[in-house]
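**Student:** What follows is a structure written as structure tokens; I'll ask about it next.
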Amino acid sequence: MLVVSWSLVLAEEQISDDEQVNNWLSAFERALKKEDADGIAALFSAECHWRDMFAFTWNISPCEGQGQIVAQLLENQPRVQARMFSIAKDSIAPRRVKRIGVEVIEAIISFETAFSRGKGVIRLLPEQGKVWVFMTSLQELIGHEEKIGANRPDGSESMREFGGPNWADRREQELRFEDRDPVVLIVGAGQSGLTMAARLRALGVEALCVDRHERVGDSWRKRYHSLALHNQVSLNQMAYMPFPETWPKYISKDMVANWLEHYAWALECNVWMSSGLEQASYDEAAGHWHAVVKRKDGTTRKMKPKHIVFANGIVGAPKIPNLPGLADFTGTVLHTHDYKSGQAWAGKNVLVLGTGTSGHDIAQDLFGHGANVKMIQRGATAIASLDAVGMAYTSYYKEDLPIKDADLLAQSVTYPLAVRNAQAVTKLQHEIDRELHEGLRARGFKLDSAQDNTGYLMKVRRTHAGYYFNCGCSDLIVDGKIGLVHFQDIEKFVADGALMKDGRIEQADLIVAATGYQTQQEVVRELLGNEVADKVGQIWGIDSTGEVANMYKPTAQKGLWFLGSGLSQARMYTHYVALQIKGREIGLINE
């Protein structure tokens with residue numbers, strides 16, 4: 013009897029891409045339903061990757077290799093009962109593309125489980141008929157869908173209530189929280205906090221943002237005068253309410269700030285400004301936090317939220333290192349956090365300590381205002397031009413795809429593939445930026461491609477520091493218009509600047525410390541105590557699975573969540589945290 017494998021039949025029949033995808037999905041569903049380990053394994057290539065985004069595992073769970081993938085699927089399938097796998101009807105059709113140099117049929121898929129609807133991505137090797145990359149993601153909970161689109165409320169309670177409270181009256185009363193506590197207390201009302209509040213509202217979970225700034229958007233508005241986004245607007249859209257199509261590719265910090273203020277109003281986010289979390293402790297028996305919030309008028313409010321979400325970025329207070337002699341400097345010392353504009357420093361001598369993004373931007377701003385600027389480089393820095401970043405970094409968002417499809421594709425990569433992609437991208441960027449890099453090296457600037465040649469892409473994940481997208485400052489260094497000093501050549505700081513080891517003094521009226529911030533773990537330690545901080549551990553950086561540590565997923569402390577990073581991460585990952593919280597509130601997830 014002749015036995016012919018399914019994959020060989022595919023190759024011989026030369027069927028269409030859609031048919032290959034549908035056939036694979038049908039075979040996968042049959043094998044999964046039968047809990048057939050060998051059948052499932054046969055559908056994946058020798059090298060294969062699966063990243064589950066809460067659909068099967070209630071966590072971000074990457075797997076590598078047939079053995080891990082099969083084990084994870086079979087462990088969770090009895091509970092999940094995944095079924096109805098098909099090509100997603102409301103997404104782009106399957107298409108042939110190259111990803112990290114590999115030609116694949118890339119398809120966005122949909123499926124259901126016993127309690128949810130999901131979407132995912134497969135990258136199928138057309139010659140083998142097997143899948144190389146598999147991603148599954150939770151999209152909505154059945155019976156608890158977001159109140160958007162066709163499910164939006166009709167607003168009848170606000171229509172023509174003569175003699176009664178109108179929408180504005182009800183919003184004012186809701187914001188006071190006089191007769192109740194929020195289910196979720198969100199620390200921070202920037203892009204992450206507001207998007208989180210909007211998503212929870214759409215799911216019927218009451219949330220309150222607290223923020224120490226005076227106005228929504230001040231976390232951007234109060235930053236240095238010349239700040240603009242270094243990523244294009246197509247990557248940075250916000251959930252439910254995208255930026256206007258008339259906006260430029262690179263938007264300024266004040267545009268972001270004012271948009272956040274408008275977003276909070278339009279999405280009916282509950283926000284207390286000039287307020288902050290003072291302390292909190294978790295009551296295991298009661299299943300909620302005891303939290304103390306300080307208000308603008310100095311009073312405090314005790315609350316019992318079930319969840320606290322830190323959406324205040326990925327860092328804490330500004331950090332100025334204890335540098336020898338800095339206390340003897342008689343000029344002005346500012347951290348980048350407090351720097352606003354170079355206007356007052358025209359004709360003055362300025363040293364900028366640090367060559368990351370803020371250091372470069374501030375040095376360029378000072379130069380633009382007529383200051384004599386030198387940068388002090390402590391460690392090697394990854395540099396990429398905006399052209400190189402645009403050509404190689406945000407590829408999914410340049411392919412004219414719906415943003416939800418682009419987000420799914422962006423979330424499909426496990427850490428080993430992310431490293432390979434970063435290496436390929438970095439190699440291409442170095443070719444694009446060869447002349448720029450040669451000019452920087454000629455000036456003595458130390459360039460860094462990371463220990464594994466992954467450039468800034470992995471620096472973002474690993475440290476969120478040590479890189480700069482050139483908006484012109486690198487050119488000023490190459491041209492000698494902004495000077496360069498190496499930190500190891502400094503003996504100490506003195507009254508009028510930096511005493512170099514060769515005896516000369518680098519004169520300074522102002523020293524700007526672009527030296528970073530304390531870790532988020534220290535913020536947790538200050539507000540929630542040592543026990544919780546030690547229990548949770550590292551926040552940001554790479555964990556043992558290759559994912560970002562303690563971000564966007566359950567932590568070791570029940571009821572504690574972390575959101576951070578840029579606008580695109582806020583858009584993508586608040587979706588999952590909101591669904592995780594909703595799942596717990598309806599008893600679907602039992603910790």
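Residue numbers for the sequence shown follow my numbering, beginning at 13 and rising by one. Every residue, glycine too, gets a C-beta built ideally from N, C-alpha and C. Quick caveat, the model's predicted, so the values are computed rather than measured.
1) What ranges does the beta strand (DSSP E) occupy inside the region 398-445, keeping only unbroken runs of at least 3 residues that lie completely in it?
2) Pick from E118, V195, T148 and G288: whose alpha carbon is nearest that of K131?
3) V548 and T567: beta carbons closer than 7 Å?
4) Excluding the 5 residues flanking E534 on each side, which residues of the same chain have their C-beta closer than 7 Å to its C-beta?
5) With 16 other CB atoms within 10 Å as the buried threshold, where does P106 fall?
6) Alpha carbon to alpha carbon, how far is I494 from D521? Give it in angstroms, no decimals.
7) Using only the alpha-carbon positions, how far apart do I134 and M208 sit?
8) What do you get for G176, buried or exposed, if any count of 16 or more other CB atoms within 10 angstroms of its CB means buried?
9) Per the DSSP calculation, I554 is bridged to which residue(s)?
10) Give the DSSP bridge partners of E115, in chain order.
11) From the DSSP output, in three-state form, read off A214 for me.
12) Please say whether L239 and I263 have beta carbons closer to each other than 7 Å?
13) Taking the straight line between their C-alpha atoms, what separation do you get for L420 and Q78?
14) Which word fits K594, buried or exposed, when buried means at least 16 other C-beta atoms lie within 10 angstroms of its C-beta?
15) Using 10 angstroms around the beta-carbon of E559, count the other beta-carbons present and answer buried if the total reaches 16, otherwise exposed.
16) Which ranges does the alpha helix (DSSP H) cover as unbroken runs of at least 4 residues, wholly within the region 41-108, from first to last along the chain?
17) In three-state DSSP terms, what is F127?
18) Excluding the 5 residues flanking T342 on each side, which residues of the same chain have their C-beta closer than 6 Å to its C-beta?
19) Can you tell me which of the three DSSP states G371 falls into?
20) Smallest Cα separation from G155: which of V228, A126 and P138?
21) Determine, using beta carbons only, whether V362 and A383 come nearer to each other than 7 Å.
22) Along the beta strand (DSSP E) that carries Q500, what are the first and last residues, could you check?
23) Please determine, among A83, Q532 and L413, the residue with the shortest C-alpha to C-alpha distance to D102.
24) Residues in the same chain with beta-carbon distance under 7 Å from A23, minus the five sequence neighbours each way, listed in chain order, please.
25) Is F174 buried or exposed, if buried means 16 or more other CB atoms sit within 10 Å of its CB?
26) Does the structure place the region 279-291 close enough to the region 302-318 that three or more beta carbon pairs sit under 8 Å?
27) With 16 as the cutoff for other CB atoms within 10 Å, does R192 come out buried or exposed?
28) Keeping to the same chain, check which residues put their C-beta closer than 7 Å to that of Q519; ignore five residues upstream and five downstream.
29) Answer with buried or exposed for L389, where buried requires no fewer than 16 other C-beta atoms within 10 angstroms of its C-beta.
30) Given a cut-off of 7 Å on the beta-carbon distance, is the pair D460 and A392 in contact?
31) Following the continuous beta strand (DSSP E) through A580, name the residue where it begins and the one where it ends.
32) Taking DSSP's pairing of strands, which residues face C483 in a bridge?
33) Put R516 into one of helix, strand or coil per three-state DSSP.
34) Rounded to a whole number of angstroms, what is the C-alpha to C-alpha distance between F481 and N243?
35) Report buried or exposed for T367, applying the criterion of at least 16 other Cβ atoms within 10 angstroms of its Cβ.
36) Whole angstroms are fine: how far does the CA of E186 sit from the CA of G167?
**Tutor:** Looking at the atomic coordinates:
1) Whole beta strand (DSSP E) segments, 3+ residues: zero.
2) Of all alpha-carbon atoms in E118, V195, T148 and G288, the one lying nearest the alpha-carbon of K131 is that of T148.
3) In this structure, T567 lies closer than 7 Å to V548 by Cβ.
4) Excluding sequence neighbours, E534 sits near G328.
5) The residue is buried, with at least 16 neighbouring Cβ atoms inside 10 Å.
6) Straight through space, the alpha carbons of I494 and D521 are spaced by roughly 16 Å.
7) Computed Cα separation, rounded: 28 Å.
8) Exposed, since its Cβ has fewer than 16 Cβ neighbours within 10 Å.
9) Paired residues: V560.
10) Under DSSP, E115 shares a beta bridge with K110.
11) Residue state, collapsed to three classes: helix.
12) Result no, Cβ atoms of I263 and L239 do not sit closer than 7 Å.
13) Cα-Cα distance, rounded: 22 Å.
14) With 16 or more other Cβ atoms from the protein chains shown falling within 10 Å of its own Cβ, K594 counts as buried.
15) Flag for E559 reads buried.
16) Correct list: 49-53 and 78-92.
17) Here F127 carries a coil assignment [DSSP, helix/strand/coil].
18) Result list for T342: A507, in chain order.
19) It is helical.
20) Comparing Cα positions, the closest option is A126.
21) The Cβ-Cβ distance between V362 and A383 falls below 7 Å.
22) Run containing Q500: none; DSSP gives neither H nor E here.
23) Of the candidates A83, Q532 and L413, the one whose C-alpha sits nearest the C-alpha of D102 is L413.
24) Because the pLDDT of A23 is 45, which lies under 50, any placement of that residue in the model is unreliable, and the question is left without a value.
25) Exposed, by the Cβ-count rule.
26) Short answer: they touch.
27) Taking all protein chains in view, the Cβ of R192 is surrounded by fewer than 16 other Cβ atoms within 10 Å, so the residue is classified as exposed.
28) For Q519, same chain residues with a beta-carbon under 7 Å away, outside a window of 5 residues either side, are N361, D508 and G509 in chain order.
29) Reading off the sequence shown, one finds Gln at residue 389, where the question assumed Leu. Q389 comes out buried.
30) By the CB criterion at 7 Å, D460 and A392 fall inside the cutoff.
31) Contrary to the premise, residue 580 reads as Ser rather than Ala in this sequence. No beta strand (DSSP E) contains S580, which is instead part of the alpha helix (DSSP H) from L579 to E597.
32) According to DSSP, C483 bridges with nothing at all.
33) Of the three classes helix, strand and coil, the one that applies to R516 here is coil, per DSSP.
34) About 9 Å.
35) With 16 or more Cβ atoms within 10 Å of its Cβ, T367 is classed as buried.
36) Those two C-alpha atoms are separated by around 16 Å.
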